[in-house]
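Visitor: Protein chains in written order, with this note's numbering: chain E, 2 to 111; chain Z, 85 to 196. For every residue, glycine included, the Cβ atom is placed at its ideal position computed from N, Cα and C.
1) Which same chain residues, not among the five before or five after residue 142/Z, have their C-beta less than 8 angstroms away from its C-beta?
2) Could you give the distance in angstroms between the alpha-carbon of residue 22/E and the alpha-carbon of residue 73/E?
3) So for residue 93/Z, helix, strand or coil by DSSP?
4) Hey, out of 70/E, 109/E, 19/E and 50/E, whose CA is closest to residue 92/E's CA?
5) Quick one: is residue 167/Z buried, meaning 16 or more other Cβ sit within 10 Å of its Cβ, or exposed?
6) If you measure from the beta carbon of residue 77/E to each beta carbon in chain Z, is any gap under 8 angstroms?
7) Give every residue of the same chain whose Cβ lies closer than 7 angstroms to the Cβ of residue 52/E, excluding the five residues on either side of it in the sequence, and list them in chain order.
8) Listing by chain order, which chain E residues have their CB less than 8 angstroms from the CB of residue 126/Z?
9) Return the chain-ordered ranges of every beta strand (DSSP E) run that is complete within the stretch 142-175 of chain Z and spans a minimum of 3 residues.
10) What's the C-alpha gap between residue 192/Z and residue 66/E?
11) Between which two residues does the beta strand (DSSP E) holding residue 118/Z run?
12) Around the Cβ of residue 190/Z, are there at least 16 other Cβ atoms within 10 angstroms (buried) or fewer (exposed)?
13) Closer than 8 angstroms, CB to CB, is residue 44/E near chain B or not?
14) Between the Cα of residue 24/E and the Cα atoms of 69/E, 86/E, 111/E and 83/E, which residue gives the shortest distance?
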């Protein structure tokens, strides 16, 4: 089975902090994605990557950046966390047309 | 631009009753269509997918969905709902190498 691991299940940060959300996959998939999930808004794509050192903006990239230095790891960075970034963050990889999701990180910014 | 509409935010059904969750999409090309389920505290799990061919597709957990091109719909159905089906359901559309676009989700509650 594909394993997509997000480093933290719950995270509490303060406004203005730099926040790193880590995602690691064990299946050598090229495509990786970061979504945020908010009640009533579904999943919205933040950034995605087709391969190492490649990144593409999704629908809501403002306030975020990403890093993909190794194929298995895709990091989401909040340069200066704000309260409106309190959300559930979901990482996913893709093989052909199938997405595999991590369990998510619930981030609270106070 | 591609989009997915799930008209029902929340649906409540009785255990043993039938279920239909609606999904309408807008896509410029022939779409790939998906239904995902998210149980409380869990990640998203693929229920079923449609790429081509038979417009009625079978998925896991007894779910099925029917693709209707003329109505731009991909509704999810189950003949008899179990209490364990209570979850949030997401319809998604995509094709080729483009990222999937998700609907806003439908929360399903099951009552005894």
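Guide: In brief:
1) Excluding sequence positions up to five before and after residue 142/Z, its CB lies within less than 8 angstroms of the CB of 132 and 148, all in the same chain and listed in chain order.
2) So the two alpha carbons sit approximately 14 angstroms from each other.
3) Coil at residue 93/Z, not helix or strand.
4) Residue 50/E is the option with its Cα nearest to residue 92/E.
5) Flag for residue 167/Z reads exposed.
6) It does not: the Cβ of residue 77/E has no partner Cβ on chain Z nearer than 8 angstroms.
7) The answer, listed in chain order, is 31.
8) Within chain E, the residues near residue 126/Z are 104.
9) Runs of the beta strand (DSSP E) inside the stretch 142-175 of chain Z: 148-152 and 157-162.
10) Going by the C-alpha atoms only, they are around 34 angstroms apart.
11) For residue 118/Z, the enclosing beta strand (DSSP E) has its first and last residue at 116-122.
12) Result: buried.
13) The chain inventory of the structure shown lacks chain B, comprising the protein chains E and Z.
14) Measuring from the Cα of residue 24/E, the nearest candidate turns out to be 69/E.
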